[in-house]
Structure formats: structure tokens, C-alpha cells
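Residue numbers for the sequence shown follow the working numbering, beginning at 24 and rising by one.
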Amino acid sequence: MHPTRRQLLGAGLGGVVAAGIGLPAAAADPSAEGLVRSRIRPPRFRDVWYPITEYGATPADATAGIAAAIVACHRAGGGHVVVPAGTWQTGAIELLSRVDLHLEEGATLRFSTDPAAYLPVVRTRWQGVEVYNYSPLIRAEGQTDIAITGKGVLDGAGDNEHWWYLIGSGQYGWHTGLPNQRADWAELERMNNEQVPVEQRVFGAGHYLRPSFVQPFRCTNVLIEGVTIKDSPMWTIHPLECRNVTVQGVTVDNLGPNGDGCDPESCTDVLIRDCTFRTHDDCIAIKSGRDADGRRLGLPSRGIVVEDCTFVSGGAAVAVGSELSGGVEDVFVRRLSAPADPAADEAYLQWLLCVKSTSTRGGYVHNVDVRDVDSRAWMYRPLEITFSYQGGGDQSLYPDVRDIRFDRVRVARAERAYRIVGAETRHIRSVVVSNSRFGQVAAEAVVQYADDVTVRNVLISGS
């Protein structure tokens, strides 16, 4: 929780903004959204069921039984691998084409906290940088038509005694004498900056870079539906270099460090619908690689639809970046809700939309359209576009950011309504804030190094 938000709200500043600033920005392109939606179709599976208990899975150790059921299902032409009600202890799971891992109501897959359970190392990305590291808890590589469905629970078992303390913060249980990830992350960043061949970037055993939870990698036709996913070691749902991904009806409950809810990275055609997020870090973060790796790979995220989702807590409801060096385009955000918590009489998010980057990233962000948002939660800055998020090194590689629209947004309380700040050498272009209401706002909106910003029919009230 932000420690000074009540004091910020007490400052009291407001007014009505009804006129445009600068020239009219580009209008939304409805055909682009329609084309994206027309391409997103969840996979379908044969009506054949493979209970893990028939392949040797036991509650105390289900790893081998799950793997055997997945292989049998895949070889037979596909279907559903069933996890029955009960708690099942498991290590890493590798999905194969045409397989739906289905958790029945009352089923919990509880994942091992032993790092050795996620060896051998696999090729992945860690905070946008290519690396060989521990396997994600659930992974697929190069597969087609895969799913995780049902009403059960995926429990990553992360807490201050397992995984989370490796960030090196006392907030998450770290203390002197315990290992942490700082040296490994610094070394991986050096390898990225110097473009050390990926085959030489081998971490895993003896290192401390935490794995993400669910990572389809270079997969096509992916569905994650209905399940609750909790307490991930790091990022929760991380589709990487995938095409045609649907995440719907999922609940993410992860208050750990770097505990993002859903981070599509270098993906094309992604639908995130009807999900609920309770996170400490960003709820949804759209990414495309970090710095030199992202620019070398040149794999953007494009065609991302987020709709009808609820955000209980987190950093941004929807973030773009900060790892956006491969580019991000055509993002459509619709009908979001950030309800107040009745128990606390408030809820907390930092942003509704945050486009965040730095001078080392490069890349671009084009055509982000947000509309129909209702936030009863306290909000740091509902809309922020910033080039000063993090990072050092080269001070000239700012992204090209343009065509951002923020329409029909209602926010009950905020530190300021929006902050749009580019760089002197790279201006943000074409931003519209329209038909929106911001109540109990403590400080003035900020626009700097930005061209063609239009503010139209916007009410900003003092506290």
C-alpha cells in the first residue's frame, strides 16, 4: 500500500478541463480491433479424458504420472489430462500439442519449492533478456493447441521462505546470509548489453533467478481458462513469442515480488478477458524484450485485447513496458473495473494505463486505446506515459510513442489525473484524454515534451 496517499489527497487541487491542448490526435481505427478479434480463436480438443491417477500419479508425488498422461494423450491425438479433486504435489510440467491440462473443481496442483525440480535449464527470457534458466513451473515450447482449464488451483507455493526472498529485500524475508538474485541479474544485464551469445548465458543450478509460473514459448493456439493461479515465484502467466492466446475467467492472486499477473511478451493476437487480479506488481504488462536483446530479436507484441477484467490491487492495471524494445502496437482495453475493498474502505492501484520506458530501450508503442473504465480505488496516476522509469547506459534510445487514447474513464480518487512526459529529444505524439471524470485529485495534471495532446470533456475535481 502506498504510505502517503491520504496525505496526497489532502492537498486539494481541481478544476474543469474542457478545451483541447494542441492539435487533434489520431482517431481510433475500429478496423484494426476487429481484425485482431477475428483472428483470436481458442483451441478445441477431442472429447477423450486421461485421469492422472491412471498413469501413476499420487497426491504425494504426481510429477511422473502427469507427464505420462500428457504423453499418452498427445500420442493418441489429444484430449484432456484430468487432475481430480485433492492436493497433488508436483514438479515442473511440460505440455504437448493437442493437450488440455484440466483441473477439476477442488483440485490443487502444489508445485515444489526445490529449485532442482525445475532442471535441466531451458531457453527462456528473464525480465525480457534471453537466458538458459530454471524451467517455468508449467511450460510448453513450440507446441500447437494447448490449454490449462478447469476450476482448480495452481499453487506456486511462493512465500517469504520460498522463492520470494531471493529478490534480496527484507520485505520478502531476505536477511544477511541468505542468497539473492542481485549478482546474477547484474551479470545477465551485462551479457545483454555486450550481446554475449545466448548459449553462453547459462544460469539455473547455483544461481538465483526465479522462474515464472506458466510459460508457453513459441506456441500457437493457447488457452488458459477458469483456474486460480497463486503465489508464483515471479511472473505468473508469461506467454512468450506466441500467437493466438486466450486467457479468460482466470483469477491471479500473487503478492510476491515481480509478481505480475499476465505478461504477454513478443506475442501476436492475445485476448485477456473476464479475469481478476490481486497482485503486488503490475496486473497485466505487455512486453517485447529488453534493450539490446529486444532490438536484436525485433519481435513486437501486437493485437492485444483486454476486456471485462477486475483489478483488486497491483501496480498498473495495464502496463506497456518497461521491456518494450521490440515494439508494441494495437492494444485495445475495454470495460475495466477497480472496485473499492469494503473491508479497507478502499483499494489501491498505481495506474490504469502506464506506458513506461527509459533511455536504453528503443522500440515503439503505437495505437493503444483504453475506454470504459470504472475505478473506485485510489489511483496514483490513472494515465502515465514516462521515459524515466529505470535504467542507465545510452541516454538516447527513447521509444517512439504515439496514438494513445483514454476515453470514458471514471476514477474516484487520484494523486493526479494524468502525467505525460517524454524527452526533449523524443516527444510523445498524439494523445487523447476524453469524456472522463477524475474525483478528489490532489495535484495538477502534467504534460511535457508531448505534441498533439487533446483533452476534451474532462472533469478534474479537487479533494
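Idealized CB from N, CA, C, for every residue including glycine. These figures come from a predicted structure and were not determined experimentally.
With respect to the 8 Å criterion, residue 437 and residue 410 are not classified as neighbours on the basis of their beta carbons. Under the three-state reduction of DSSP, residue 257 is assigned to coil, being neither helix nor strand. Residue 360 is bridged by DSSP to 333, 397.
The three-state reading of DSSP puts residue 78 in helix, counting H, G and I together. The alpha-carbon of residue 58 is positioned some 12 Å away from that of residue 325.
Taking 3 residues as the minimum length, the beta strand (DSSP E) runs contained wholly in the region 80-119 are 102-106, 109-113, in order along the chain. C-alpha of residue 458 to C-alpha of residue 399: approximately 17 Å in a straight line. The criterion of a C-beta distance shorter than 8 Å is not satisfied by residue 77 and residue 106. By the Cβ neighbour-count rule, residue 304 is buried, with 16 or more other Cβ atoms within 10 Å of its own. Among the bridge pairs identified by DSSP, residue 239 is matched with 163.
Here residue 294 is not near residue 341, since their CB atoms are 8 Å or more apart. For the pair residue 136 and residue 111, the CB atoms are not nearer than the 8 Å cut-off. Taking 8 Å as the cut-off, the Cβ atoms of residue 236 and residue 259 count as close. Residue 63 sits in coil when the DSSP states are folded into three classes, being neither helix nor strand. Taken atom to atom, the span from the alpha-carbon of residue 356 to that of residue 83 is near 42 Å. DSSP, read as helix, strand or coil, puts residue 326 in strand. Residue 472 carries a coil assignment under DSSP once its states are collapsed to helix, strand and coil. At a Cβ-Cβ threshold of 8 Å, residue 115 and residue 92 do not count as neighbours.
Around the CB of residue 165, fewer than 16 other CB atoms lie within 10 Å, so the residue is classed as exposed. A Cβ-Cβ separation of about 11 Å leaves residue 217 out of contact with residue 316 under the 8 Å criterion.
Beta-carbon to beta-carbon, residue 248 and residue 167 are separated by about 17 Å, too far to satisfy the 8 Å threshold. Around the C-beta of residue 143, fewer than 16 other C-beta atoms lie within 10 Å, and the residue is accordingly described as exposed.
In this structure, 390 is the residue among 402, 390, 413 with its C-alpha nearest to the C-alpha of residue 424. The Cβ-Cβ distance between residue 327 and residue 287 falls below 8 Å. Here the alpha carbon of residue 380 sits roughly 15 Å from the alpha carbon of residue 323. The residues 345, 381, in chain order, have a CB closer than 7 Å to that of residue 413 in the same chain once the five nearest residues on each side in sequence are set aside. Collapsing the DSSP output to three states places residue 246 in a strand. Judged by DSSP secondary structure, residue 462 falls outside any alpha helix (DSSP H) and instead within the beta strand (DSSP E) spanning 451-464.
Residue 216: member of the alpha helix (DSSP H) spanning 205-217, first to last residue.
The C-alpha of residue 138 lies about 7 Å from the C-alpha of residue 157. Between residue 329 and residue 388 the beta-carbon gap is near 15 Å, outside 8 Å, which marks them as no contact. In this structure, the beta-carbon distance from residue 282 to residue 255 falls below 8 Å.
Relative to residue 79, the option among 97, 113, 65 whose CA is nearest is 113. The residues 419, 421, in chain order, have a CB closer than 8 Å to that of residue 448 in the same chain once the five nearest residues on each side in sequence are set aside.
Per the C-alpha coordinates, the member of 442, 450, 262 positioned closest to residue 464 is 442. Looking at the backbone, the Cα of residue 313 and that of residue 397 are separated by about 32 Å.
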